[in-house]
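Asks: Submitted below is the structure of interest, expressed as structure tokens.
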Amino acid sequence: MKKAWMTIISQTNIARNIYEMTLEGELVDLMSSPGQFVHIRVTEGFDTLLRRPISISCIDKENRQCKITYRAEGKGTMLLALKQPGEKLDVLGPLGNGFTVDELQRGDHALIVGGGIGVPPLLELTKQLNRRGVSTTHVLGFQSKEDVFYKNEFAYFGDTYVATVDGTYGTEGFVTNVLEEIQPPFTTLFACGPTPMLGALENLYPDKNVYLSLEERMGCGIGACFACVCHLQNDPEGYSYKKVCTDGPVFRAGEVVL
């Protein structure tokens with residue numbers, strides 16, 4: 001983990017309120033694990049004092065560049081969406097424990113399931129798994145057709161299915177509707193998205209090897225403020241906890257209360 005200034009190379013609106021930003025800087029040298037995130041200070045003023053946690057969607061070490069993908073919905077991320085190429089950003093990272101890819105071997109098959117703004121970190125995961133000879137099937141869930149992004153990028157690596165809640169694109173309903181329909185065989189499931197979706201996947205595959213990446217509001221991103229704690233499933237008294245920012249954001253299914 002390190003704090004550094006990174007240069008904005010590009011900023012693109014890729015779906016409704018969804019932006020992809022390319023950053024360049026020495027911080028990329030420290031990035032390796034898919035599912036990690038960066039913590040960005042949007043302005044120098046007190047109005048948006050807290051940093052914003054943003055997923056890393058692509059790592060390009062050769063060019064010392066990475067892509068981050070975010071939804072502009074609050075004051076901080078809306079200000080971030082106004083940034084232009086050439087500007088500098090105060091970035092802390094990489095943070096958190098990402099997805100473990102070393103357990104899978106050539107010939108294994110991974111199921112990748114993402115929902116909404118939980119989709120971006122899974123793209124770098126899919127790239128790294130395919131690089132290891134692991135084949136992947138992807139199921140992506142969105143609210144509507146206007147919200148769909150990265151479908152073609154995932155399709156480059158394997159079969160890709162899309163569900164939208166209003167049925168305007170792909171299967172009508174949720175990612176679980178697609179999974180019940182296609183019944184994909186897999187060695188390991190990796191998922192990131194809203195908590196109800198992660199809970200549904202945990203219940204759907206109780207005997208499978210499943211990794212879940214949690215979305216949570218954070219204050220410091222380094223485990224000091226305790227704003228993102230979650231309780232453990234094996235602690236009925238509810239006194240034990242883990243912090244999403246430093247112990248996660250990726251946990252094994254059944255490890256924390258969703």
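Each residue of the sequence shown is one higher than the one before, counting from 1 in full-length UniProt numbering.
By construction, the Cβ of each residue, glycine as well, lies at the ideal position given by its N, Cα and C atoms.
Here the structure is a predicted model, which is why all the values come from computation and not from measurement.
(1) Could you tell me the boundaries of the alpha helix (DSSP H) in which Q65 lies?
(2) Can you check whether the C-beta of G254 is within less than 8 Å of a C-beta belonging to chain D?
(3) May I ask you to list the residues that DSSP assigns as paired with N13?
(4) Going along the chain, which residues of its own chain have a beta-carbon closer than 6 Å to the beta-carbon of V134, five neighbours each way excluded?
(5) Tell me whether the stretch 6 to 16 and the stretch 72 to 86 touch, counting them as touching only if at least three CB pairs, one residue from each stretch, are closer than 8 Å.
(6) Using 8 Å as the Cβ pair cut-off and three pairs as the minimum, do the stretch 132 to 148 and the stretch 200 to 215 touch?
(7) Measure the Cβ-Cβ separation of F37 and I59 and say whether it is below 8 Å.
(8) Out of G199, G223, I222, state which residue places its alpha-carbon closest to the alpha-carbon of L214.
(9) Does DSSP classify E24 as helix, strand or coil?
(10) Considering just the uninterrupted stretch of the alpha helix (DSSP H) at V178, what are its terminal residues?
(11) Going by the C-beta, is K2 closer than 7 Å to any heavy atom of the ligand FAD?
(12) If you run the structure through DSSP and keep just helix, strand and coil, what is N209?
(13) Would you kindly work out how many angstroms separate the C-alpha atoms of V178 and E73, rounded to a whole number?
(14) Quickly, what does DSSP pair L92 with across the bridge? List them, please.
(15) Candidates E44, E20, F157, S32: which alpha carbon is nearest W5's?
(16) What separation, rounded to the nearest whole angstrom, lies between the Cα atoms of R252 and F99?
Replies: According to the structure shown:
(1) Annotation: Q65 is outside any alpha helix (DSSP H); the continuous beta strand (DSSP E) that includes it extends over 65 to 71.
(2) Although the question refers to chain D, the structure presented lacks it and comprises just one protein chain.
(3) For N13, which the question treats as bridged, DSSP gives the partners Y19.
(4) Excluding residues within five positions, the ones whose Cβ falls inside 6 Å are L104, D108, A110.
(5) Touching, yes, given that three or more Cβ pairs across the two stretches are closer than 8 Å.
(6) Flag = no, the stretch 132 to 148 and the stretch 200 to 215 do not touch.
(7) Not in contact: F37 and I59 (Cβ atoms no closer than 8 Å).
(8) Proximity to L214 across G199, G223, I222 peaks at G199, based on C-alpha coordinates.
(9) Strand.
(10) Annotation: the continuous alpha helix (DSSP H) that includes V178 extends over 175 to 182.
(11) For the structure depicted, the ligand FAD is absent and the ligand set is empty, with no information on it obtainable.
(12) Here DSSP, grouped into helix, strand and coil, assigns N209 to strand.
(13) Rounded to whole angstroms, V178 to E73 spans 28 Å at the Cα level.
(14) K3, H39, per the DSSP bridge assignment.
(15) Of the listed residues, the one whose Cα sits closest to W5 is E44.
(16) In this structure, the CA atom of R252 is about 10 Å from the CA atom of F99.
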